[in-house]
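**Student:** Residue numbers (my numbering), protein chains in the order written: chain A, 1 to 501; chain B, 1 to 317. C-beta atoms are modelled at their ideal positions from N, C-alpha and C, and glycine is treated no differently. Bear in mind the structure is a predicted one, so any value in this text is a computation, not a measurement.
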């Protein structure tokens, strides 16, 4: 018999150090950091964000014409990370945008790019111009050394600021990232691809129309063939809520179907300029109208509401970054296009999965399933499970259609072309072989063969004809219409002609 | 928008200043023709408006791409030295892609000390073929042991040293300064003394100086009068400053250079505008066959050549 000598209970808590860990090294690349800052501007109801990176990314500037904030708001929002008040009053901005940021962690994304961040901001309707300098150097020290005495809080950065006066009509936020860290500067301004070698091109200084041309060009297999600067720019553009390229799909019919998504982003009225050039979503499908299909869906689940589209074109989708599904919550992307389509079975329509791209807008409930890095989702969350089910069903449909409407139609066409070529070659050979026959016998052979082939075509038999099968047909015709001597002469000539070929 | 007095001064588009800018762009066009891309073409202090950069763009010296940002081939052709985030941002908006060093020029050249020089990327920028120091400052001297030191002149001396490093880069200095006399009388007397050796060395210099400050003052300088510039009016004192600046620069550039005064434009000094002076100095390699004193004489002979005046309406006299 077991005797209970002592019982115990308690609560499991999380030390703030964990928040420190979670808020460090969050972002996989400089693009992921910059898009956080751009999305902050979106949350501030900005209409235009300008990003300046070139020529060397030794200083990066991000400025917006958003609502701005005061020194008091700065302290309230940012002096204690993860106690964000971004959605305390409302989770929707005055312009009606659903706020992307949640816990205020995006702001310190800058620390992964630079050691010093200077913020100038003035709130709409205020004459206060706040200037604050945040020194992230402290973050490079061990967490233990940064723990505030008598507190569980861990210091992330030091800041010092001033308050000046400015005209009431002004409202903006300007971020000046200086002492940019070496690798980040290399990537952000990089004139070479990240993997080295020479770049297939750069998007620097190109207007949207030219960018669209580059992305739709047959030579570009992957964004990574461009310089690192361009790849970064495309990654940011994929994430933030900006417009699509005009005519991003070649088919007017497809464009009409996708119009709700185009209108949806246009209505947000949010633009980003990158070194003076307007940036658009890097979604450009170059497939010919007859070689592509689109499906649009709007599904109401038990936990989530999902709308989106899938696009498939004949052949492996290029640039390959577009292959997969991109999930958007509150207009911002979660990571990049997932080529597994949230784990869709690889063995089903394997070939056609590579032909497919899609974007899916999911209702806020999925936010709970989003990890703090904003690029992955928790696969066990009910909202994710439901999303997965819906996405898989749509992927199944579009890839089935791709097999049927794109691949099937092409296969039919290819078979017909091949049979027609073979038939032409044989006809030519028959004509040559018939030259040695008496004129009437030769004409008889050709006429009978014409009839036989016409009959075969009308019965769709020609699609299954091999050269051997056609040759048998010819032998049958020769036996039927020629006497033995002519038959021998004709078939010998035909054999010689065919084998010579 | 928060603006600084220096930006307002830079932004002012007086015809006289526009005429000076035109000379700058003429110089850029000339040097662009022989620019090989090893060093930057142009280092400038453009102010937040960047009017000289705009002019260089307009004349095709700096290329833009279709989005209006600095074209790839011009990205490292020009560098703007501009202190202050807001001013630099204004420049970035006008010329996305423009290389901007957010620091004062004195910090770029590492001050006046002769032991500290810019390194790495900063050294590269300082070796531009054309350095345009558009300063609204007066010629201020600092009393040092052994005489007066002029910070601006020291920076230029350091730039000359940097250009003299291998591979040597012949270069042009465009210098604009406030010509209002600000030196204490003591300082002016020291400058007067400096002229004395040049007056005896170069008759050409003596003649040009006399044109500028008047024969009486030159006579006083050459006869070692105790206070040759005493009692001079403002106009004469301005002329002394105009003559002093090239003389001081010639004294700090390394021996291997011959400094040629291509033009010197005076403007302002009336209608409430400060008197200003703009120079173009070309630094070329000295003829190795000449003795140092001969090389120096060549420089001094040339110092006050072609001093012109620009009227308020922009006419060059």
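(1) When you compare only the Cα positions, how much space is there between residue 485 of chain A and residue 420 of chain A?
(2) What three-state label does DSSP hand residue 329 of chain A in the structure shown?
(3) Expressed to the nearest angstrom, what Euclidean distance is found between the alpha-carbon atoms of residue 480 of chain A and residue 418 of chain A?
(4) Along the chain, where does the beta strand (DSSP E) containing residue 138 of chain B start, and where does it finish?
(5) Return the CA-CA distance between residue 109 of chain B and residue 155 of chain B, expressed in angstroms with no decimal places.
(6) Who are the Cβ neighbours of residue 477 of chain A in its own chain at under 7 angstroms, not counting the five residues just before and after it?
(7) Taking contact to mean at least 3 C-beta pairs separated by less than 8 angstroms, is the region 42 to 56 of chain A in contact with the region 341 to 348 of chain A?
(8) Which residues share a DSSP beta bridge with residue 106 of chain B?
(9) Could you give the C-beta distance for residue 179 of chain B and residue 249 of chain B, rounded to a whole number, given that I count them as a contact under 8 angstroms?
(10) Going along the region 193 to 221 of chain A in order, which residues come within less than 8 angstroms of chain B, judged by CB to CB distance?
(11) Show which residues of chain A have a CB atom less than 8 angstroms away from the CB atom of residue 99 of chain B.
(12) Does the beta carbon of residue 51 of chain B come closer than 7 angstroms to any beta carbon on chain A?
(13) Could you tell me the boundaries of the beta strand (DSSP E) in which residue 160 of chain A lies?
(14) In the DSSP assignment, find the alpha helix (DSSP H) that holds residue 252 of chain A and state where it starts and stops.
(15) So does the region 89 to 107 of chain B actually touch the region 68 to 80 of chain B, counting three or more Cβ pairs closer than 8 angstroms?
(16) Report the option in B:160, B:80, B:46, B:141 whose CA atom is closest to the CA atom of residue 282 of chain B.
(17) When the Cβ atoms of the region 271 to 281 of chain A are set against those of the region 306 to 313 of chain A, are three or more pairs found closer than 8 angstroms?
(18) Can you tell me whether residue 149 of chain B is helix, strand or coil according to DSSP?
(19) Closer than 7 angstroms by C-beta to residue 370 of chain A: which residues in its own chain qualify, once you throw out the five before and the five after it? Chain order, please.
(20) Chain A partners of residue 66 of chain B, CB-CB under 7 angstroms?
(21) Residue 174 of chain A and residue 120 of chain A - do their beta-carbons sit closer together than 7 angstroms?
(22) Taking 7 angstroms as the threshold (beta carbon to beta carbon), is residue 107 of chain B in contact with chain A?
(23) I'd like the list of long-range same chain contacts for residue 497 of chain A, defined as Cβ closer than 6 angstroms, with 5 residues on each side in sequence excluded.
(24) For the region 35 to 118 of chain A, list the alpha helix (DSSP H) runs that are entirely contained and at least 4 residues long, ordered along the chain.
(25) Can you list, in chain order, the residues of its chain with a C-beta nearer than 7 angstroms to that of residue 321 of chain A? Leave out the 5 residues immediately preceding and following it.
(26) Is it right to say residue 205 of chain A is buried, meaning 16 or more other beta carbons lie within 10 angstroms of its own, or is it exposed?
(27) Where DSSP assigns a beta bridge to residue 42 of chain B, which residues make up the other side?
(28) Taking the alpha helix (DSSP H) that residue 227 of chain A falls in, what are its first and last residues?
(29) Contact between the region 119 to 135 of chain A and the region 66 to 79 of chain A is defined here as three or more beta-carbon pairs at a separation below 8 angstroms; is this criterion met?
(30) Using a threshold of 7 angstroms, state whether the C-beta atoms of residue 137 of chain A and residue 27 of chain A are closer than that.
(31) What residue from A:294, A:59, A:373 has the CA that sits closest to residue 101 of chain A's CA?
(32) Go through its chain and collect everything with a Cβ distance to residue 487 of chain A's Cβ below 7 angstroms, but skip five positions before and after it.
(33) Span of the alpha helix (DSSP H) holding residue 303 of chain B?
(34) Alpha carbons only, please: which of B:77, B:21, B:48 is nearest the one belonging to residue 38 of chain B?
(35) Return helix, strand or coil for residue 328 of chain B, following the three-state DSSP convention.
(36) Could you tell me the alpha carbon to alpha carbon distance between residue 398 of chain A and residue 283 of chain A, rounded to whole angstroms?
**Tutor:** Working from what's here:
(1) 31 angstroms
(2) strand
(3) 28 angstroms
(4) 130 to 138
(5) 6 angstroms
(6) Result list for residue 477 of chain A: 445, 448, 449, 452, in chain order.
(7) The region 42 to 56 of chain A vs the region 341 to 348 of chain A: no contact.
(8) Residue 106 of chain B is not bridged to any residue.
(9) Contact flag wrong, Cβ pair sits at about 15 angstroms.
(10) 202, 204, 205, 206, 207, 210
(11) 55, 56
(12) no
(13) 158 to 165
(14) 252 to 266
(15) yes
(16) B:160
(17) no
(18) strand
(19) The beta carbon of residue 370 of chain A is closer than 7 angstroms to those of 329, 334, 377 in its chain, skipping five residues each way along the sequence.
(20) Under the 7 angstroms cutoff, chain A gives 205, 206, 207, 210.
(21) yes
(22) no
(23) 429, 432, 433
(24) 71 to 78
(25) 222, 223, 336, 337
(26) Around the C-beta of residue 205 of chain A, 16 or more other C-beta atoms lie within 10 Å, and the residue is accordingly described as buried.
(27) B:78, B:130
(28) That residue, residue 227 of chain A, is in no alpha helix (DSSP H); it is neither H nor E in DSSP.
(29) yes
(30) no
(31) Of the listed residues, the one whose Cα sits closest to residue 101 of chain A is A:373.
(32) For residue 487 of chain A, the CB contacts under 7 angstroms within the same chain, skipping 5 residues up- and downstream, are 478, 479 in chain order.
(33) No alpha helix (DSSP H) holds residue 303 of chain B; DSSP gives it neither H nor E.
(34) It is B:77 whose Cα lies nearest to the Cα of residue 38 of chain B.
(35) Any question about residue 328 of chain B goes unanswered here, given that chain B covers just 1 to 317.
(36) If I take the Cα positions, the gap works out to 18 angstroms.
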